[in-house]
Amino acid sequence: MKELKHINKYFYKYRYRLLFGVLITIFAKIFAVFTPRLIGKSITTISKGFNNEISNDVFKQELTTHIIYLIGAAIIAGFFTFLMRQTIINVSRHIEYDLKNEVYQQYQRLSLNFYKSNRTGDLMNRISEDVTKVRMYTGPAIMYTVNMVTLFVVALIYMISVAPKLTLYTMLPLPFLSFIIYKLSKIINKRSTIVQQYLSKLSSYTQESFSGISIIKSYGIENENNLAFNALSEESKQKQIDLTKVQALFFPSMILLIGISNILVAYVGGMQYINGEIKDIGTIAEFLFYVNMLTWPVATVGWVTNLVQQAEASQKRINEFLKQEPEIKNNTLEHTKIEGNIDFNNVTFIYPDTNIKALNQISFTLKKGETLAVLGKTGSGKSTVLDLIGRLYDVQEGNITIDGKTIDQLNLNDLRDSIGYVPQDAFLFSDTIENNIMFGKEDATEAEVIEAAKNAYVHKNIKKFTNGYKTKLGERGITLSGGQKQRISIARALIKAPEIMLFDDCLSAVDTETEEKILNNLRKASQGKTTIIVSHRVSSAKHADKIIVLDEGKIVQSGTHENLINVDGYYQELYLKQLSSKEL
1 MKELKHINKY
11 FYKYRYRLLF
21 GVLITIFAKI
31 FAVFTPRLIG
41 KSITTISKGF
51 NNEISNDVFK
61 QELTTHIIYL
71 IGAAIIAGFF
81 TFLMRQTIIN
91 VSRHIEYDLK
101 NEVYQQYQRL
111 SLNFYKSNRT
121 GDLMNRISED
131 VTKVRMYTGP
141 AIMYTVNMVT
151 LFVVALIYMI
161 SVAPKLTLYT
171 MLPLPFLSFI
181 IYKLSKIINK
191 RSTIVQQYLS
201 KLSSYTQESF
211 SGISIIKSYG
221 IENENNLAFN
231 ALSEESKQKQ
241 IDLTKVQALF
251 FPSMILLIGI
261 SNILVAYVGG
271 MQYINGEIKD
281 IGTIAEFLFY
291 VNMLTWPVAT
301 VGWVTNLVQQ
311 AEASQKRINE
321 FLKQEPEIKN
331 NTLEHTKIEG
341 NIDFNNVTFI
351 YPDTNIKALN
361 QISFTLKKGE
371 TLAVLGKTGS
381 GKSTVLDLIG
391 RLYDVQEGNI
401 TIDGKTIDQL
411 NLNDLRDSIG
421 YVPQDAFLFS
431 DTIENNIMFG
441 KEDATEAEVI
451 EAAKNAYVHK
461 NIKKFTNGYK
471 TKLGERGITL
481 SGGQKQRISI
491 ARALIKAPEI
501 MLFDDCLSAV
511 DTETEEKILN
521 NLRKASQGKT
531 TIIVSHRVSS
541 AKHADKIIVL
551 DEGKIVQSGT
561 HENLINVDGY
571 YQELYLKQLS
581 SKEL
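For the sequence shown, position 309 (counting from the first letter as 1) is numbered 309 according to this note's numbering, and the numbering increases by one without interruption.
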């Protein structure tokens, strides 16, 4: 149960509602216990009437009274039971809501490396399936536990007061039942964990297949993909069956032991009635009703234990993530105004997951309002420069300063709010084009959205769509071309009007003519803004104030366009190559 201690803070938060639910449960069970007692008295009255021990008038009066009380007790017990479910189950829904928010907020806090080492399907399973298992513990498990304990206490006290010996024989099978539950619960806990792990694998595999469906179809590997899924699904099914086999032992065990209790009540109670130890025949019927009334609570012991074991297994998986600390932490709560002066001082960076040295002793200075172009071969470390400015990673050696302060001493939220970042692989949400652009500024006006789209040279394309800016995009913007996705992504960054603008080869999918128009618009929109453009085209770099060329993480060339085209090296070779192919 130690893993479920994490939920205690939510129990405390909703303590008054839970306490009210517990009190209602107690009242409901007290009135429910009246039912067997009244039935027993009714049977005793009928027996006395048949044996002419009481007059007809007394017989009718007592029987009528018992029936009226019986109906009243049943109605009141039913009403309180309804309130009980409404109270406790509603609390479990509130806890589910809070826990999902806590998990989601933790996902937002964790660093980029976390998402590189964990699969999306597994993350989704923990916030959905695992949280649902925990909800069953915070609602139904608690409700039925309180229900069972209350009913047992109330019924047991009365049963002992009426017939102690008969009560002892009635409860005799319960220790055996407890032992069976204990043994089975340990097995269920282990198998529940395995089942949840396989559900995560299935979710991850399915999510990746859906995301990469175009690749699967283009390579014609649907059959191979289906076979792999079937194999994984078969393993998952077998684990579910293994769990179900153990769970299936619960209820037969309950029924067997309850049946033994009924036999003991009938035999022992009958012998006591014959011997005169029990005066009223209705007492035996009353005890039979108590035994059967206790059947469901006893049966729920196994079910509740099962829920608790599954919840603990799921909460353990959730806690694994909740206990993780983000690698990138906000070291100050003091707000920081970002101007945009950037300095790299002998920066070396090695990716922790691959141990690849992406940057090696990099140094450059960029003043507010200046534009830097970064060129180089694939894998030379260009994108890493942008990731470090956004502090998606921390450097191992050297330091990065912005406005004279080391980057880890800036307010992380203020730093990222001041950056407009356009990745190479443009990501769009399954929403309207308008909302995708407004992602950079949620309170943007329609005029600002259109202006940003015009600067990104995508306004005319959007207007051609049937619903214009209200056009709903498919997953990851699949309904758009690569160039359109990149330009909408640029519009999203421009509408933010940030102090620092980072463009990671975001014009690779557009032709040179469109690129030139976008770059002209960007120069106007980025006046007074610090801008870094990563590109493989000289046309994107030629108007920059500074240009650096990276190779294997080192700066091998730096200067302006006019300087570098006259110096032997990578930039001149790229310039001449693209000039001959008319990419300039």
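Each residue gets a CB set at the ideal place from its N, CA and C atoms; glycine is no exception. No experiment lies behind these values; they were computed from the predicted model shown.
A straight-line Cα-Cα distance of about 39 Å links Y10 and T170. Following the DSSP letters along the chain, one finds G569 in no beta strand (DSSP E), marked with neither H nor E. The closest CA to that of G483, considering only D505, Y12 and G212, is found on D505.
The beta-carbon separation of A141 and V301, rounded to 11 Å, does not stay under the 8 Å limit for a contact. Here the region 35-50 does not lie against the region 13-24, with fewer than 3 beta-carbon pairs under 8 Å apart. Two segments are said to touch when three or more pairs of C-beta atoms, one from each, lie closer than 8 Å; by this definition the region 151-161 does not touch the region 193-213. Beta-carbon to beta-carbon, P173 and L249 are separated by about 16 Å, too far to satisfy the 8 Å threshold. Looking only at V91, V154 and K165, the smallest Cα-Cα distance to M136 is reached by V91. In the DSSP assignment, I450 falls within the alpha helix (DSSP H) that extends over E446 to N455. Counting only runs of 3 or more residues that sit fully inside the region 521-552, the beta strand (DSSP E) segments are 530-534 and 546-551, in chain order. Under a 10 Å Cβ-count criterion, Q486 is classified as buried, with 16 or more other Cβ atoms of the shown protein chains found around its own Cβ. Under DSSP, K472 takes part in a beta bridge, and its partners are T432. Taking a cut-off of 8 Å on C-beta distances, the region 324-337 does not touch the region 460-469, as fewer than three cross pairs fall below it. About 5 Å separates the Cβ atoms of F344 and F364, confirming a contact at the 8 Å cut-off. The residue from E446, A73 and Y205 with its alpha-carbon nearest to that of A231 is Y205.
For the region 152-231, the full-length alpha helix (DSSP H) segments reaching 4 residues or more read 164-171, 174-211 and 213-218 along the chain. Take the alpha-carbon of K357 and the one of S558: they are about 21 Å apart. Per DSSP, reduced to three states, the secondary structure at Q396 is coil, with no helix or strand assignment. Linking N113 to T87 through their CA atoms gives a straight-line distance of about 42 Å.
Under the three-state reduction of DSSP, I338 is assigned to coil, being neither helix nor strand. The closest CA to that of I30, considering only Y290, S211 and D394, is found on Y290. In the structure shown, Y421 adopts extended strand secondary structure according to DSSP, grouped into three states. For F427, the secondary structure class from DSSP, reduced to helix, strand or coil, is coil.
In the three-state reduction of the DSSP assignment, K2 falls in the helix class.
When DSSP states are grouped into helix, strand and coil, V510 belongs to the coil group.
Assigned with DSSP and collapsed to three states, F439 falls in coil, not helix or strand.
Contact annotation, T530 with K368: C-beta distance approximately 6 Å; criterion of less than 8 Å satisfied.
The beta-carbon separation of T44 and A73, rounded to 17 Å, does not stay under the 8 Å limit for a contact. In the three-state DSSP reduction, L502 falls in the strand class (E or B). Under DSSP, D122 forms no beta bridge with any residue. DSSP places S111 outside both helix and strand once states are collapsed to three, so it counts as coil. Among the bridge pairs identified by DSSP, D130 is matched with none. Taking C-alpha positions only, D545 is separated from Y351 by approximately 29 Å. With 16 or more other Cβ atoms inside 10 Å of its own Cβ, D387 counts as buried. Of the other Cβ atoms in all chains shown, 16 or more fall within 10 Å of the Cβ of G553; this residue is therefore buried. Counting only the Cα atoms, A313 lies some 50 Å from H536.
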